[in-house]
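Peer 1: Quick one: the structure is below, and I'll ask about it shortly.
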Amino acid sequence: MSHVTQFSIAQLQSRLEQREQDKYLEEPDFLDYFVDGMKSNPDSVDAKLVLNFLLANVLAGADTTAIALRAIFDFLLQSSHAMTKARSEILAQGFDEGEVVPYCIARSLPYLDAVIRQSLRMHPSVAMPLERYVPDTSLTIPDDTFVPHRAAVGLNLYIIGRNEEVLGQDSDEFRPERWLKMKDENEDEYQRRLRKINSADLTFGGGSRICIGRHIALIQIYKAVAAGGFRVKQD
Numbered sequence: 214m215s216h217v218t219q220f221s222i223a224q225l226q227s228r229l230e231q232r233e234q235d236k237y238l239e240e241p242d243f244l245d246y247f248v249d250g251m252k253s254n255p256d257s258v259d260a261k262l263v264l265n266f267l268l269a270n271v272l273a274g275a276d277t278t279a280i281a282l283r284a285i286f287d288f289l290l291q292s293s294h295a296m297t298k299a300r301s302e303i304l305a306q307g308f309d310e311g312e313v314v315p316y317c318i319a320r321s322l323p324y325l326d327a328v329i330r331q332s333l334r335m336h337p338s339v340a341m342p343l344e345r346y347v348p349d350t351s352l353t354i355p356d357d358t359f360v361p362h363r364a365a366v367g368l369n370l371y372i373i374g375r376n377e378e379v380l381g382q383d384s385d386e387f388r389p390e391r392w393l394k395m396k397d398e399n400e401d402e403y404q405r406r407l408r409k410i411n412s413a414d415l416t417f418g419g420g421s422r423i424c425i426g427r428h429i430a431l432i433q434i435y436k437a438v439a440a441g442g443f444r445v446k447q448d
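Below, the structure written as structure tokens:
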């Protein structure tokens, strides 16, 4: 049993025990509402369903963001140049170390944005294939492979994020500068190259099933990384 599953089971058991003792949180959380559902709709909401809800909240709502943050700081630890440049850009805005940086400012910093996007590309938070079902019309993909209707089609984000046709032969290299305008590029060339990279960016999935919590995750990531000119050291 995974750590996340054990954690979720323990939280549910603890909350049910608290309810038996008439103990309630001052501010109800998701789990409180899930438990309320068990009480009001016992035929449709059981402990197994609530556990699935909890796993979705932890994995999609917290764990994926934590994975992204760990990856960002890990890449920065491996690149003193990127660390110094990102930190200098943040401090140049006049914020003290440890001071909270507004999201609108954090998102507007070009190099910080490049560091975060590069990290998300190289180390996806989701290892699942993001499967989609082929519609009744079936599908023929660009290499003329026929995919029958109702077939599940998925992709590997790790491989997509290292597509040399899109990112160049150094696609496996942590280089935030690839998101920025190069010295020998004019604006049209840069925008054309950036559109190509963006079209292959599936960090949060895509289409009608794109992650609905992506904006919350990005706010957390940008504000955490920009928190007043960070200093990260490796033990």
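Mapping the sequence shown onto our numbering, position 220 (from 1) lands on 433, and the numbers just tick up by one. C-beta atoms are modelled at their ideal positions from N, C-alpha and C, and glycine is treated no differently.
1. In terms of DSSP beta bridges, what is Y346 paired with?
2. Would you please state the rounded distance, in angstroms, between the beta carbons of L380 and L343? I believe it to be under 8 Å.
3. Drop a sphere of 10 angstroms on the beta-carbon of V228, count the other beta-carbons inside from all chains shown, and report buried for 16 or more, exposed for fewer.
4. Ignoring anything shorter than 4 residues or poking outside the segment 247 to 330, list the alpha helix (DSSP H) runs there in chain order.
5. Using alpha carbons as the reference points, say which of R422, A273, A295 and A327 lies closest to A340.
6. State the beta-bridge partners of L352 as determined by DSSP.
7. Run through DSSP, which three-state label would G418 get?
8. Can you tell me the Cα-Cα spacing of A439 and I329, whole angstroms?
9. Looking at C-beta atoms only, is the number of pairs between the segment 291 to 305 and the segment 346 to 359 that lie closer than 8 Å three or more?
10. For V314 and D259, what's the separation of their Cα atoms in angstroms?
11. Select from T277, F247, A284 and T353 the residue whose C-alpha is nearest the C-alpha of N265.
12. For P355 and R406, what's the separation of their Cα atoms in angstroms?
13. Check whether the Cβ atoms of L262 and T218 lie closer than 8 Å to each other.
14. If you follow the alpha helix (DSSP H) that A437 is in, where does it begin and where does it stop?
15. What is the rounded straight-line gap between the Cα of D235 and the Cα of R283?
16. Take I373 and list the residues in its own chain whose beta-carbon comes closer than 8 Å to its own, dropping the five residues that flank it on each side.
17. Please confirm whether A295 and I434 have their CB atoms less than 8 Å apart.
18. Counting only the same chain and skipping the five closest in sequence on each side, list residues whose C-beta sits under 8 Å from that of N270.
19. With 16 other CB atoms within 10 Å as the buried threshold, where does M335 fall?
20. Verify whether the separation of the beta carbon atoms of P323 and L370 is less than 8 Å.
21. Taking DSSP as the reference, what is the three-state secondary structure of V379?
Peer 2: On the basis of the supplied data:
1. A365
2. That pair is no contact at about 19 Å.
3. A quick correction: the sequence has Arg, not Val, at residue 228. With 16 or more Cβ atoms within 10 Å of its Cβ, R228 is classed as buried.
4. 260 to 271, 277 to 290, 293 to 304 and 316 to 321
5. A273
6. V360
7. strand
8. 10 Å
9. no
10. 42 Å
11. F247
12. 21 Å
13. no
14. R427 to V438
15. 39 Å
16. A413 and L415
17. no
18. F243
19. buried
20. no
21. helix
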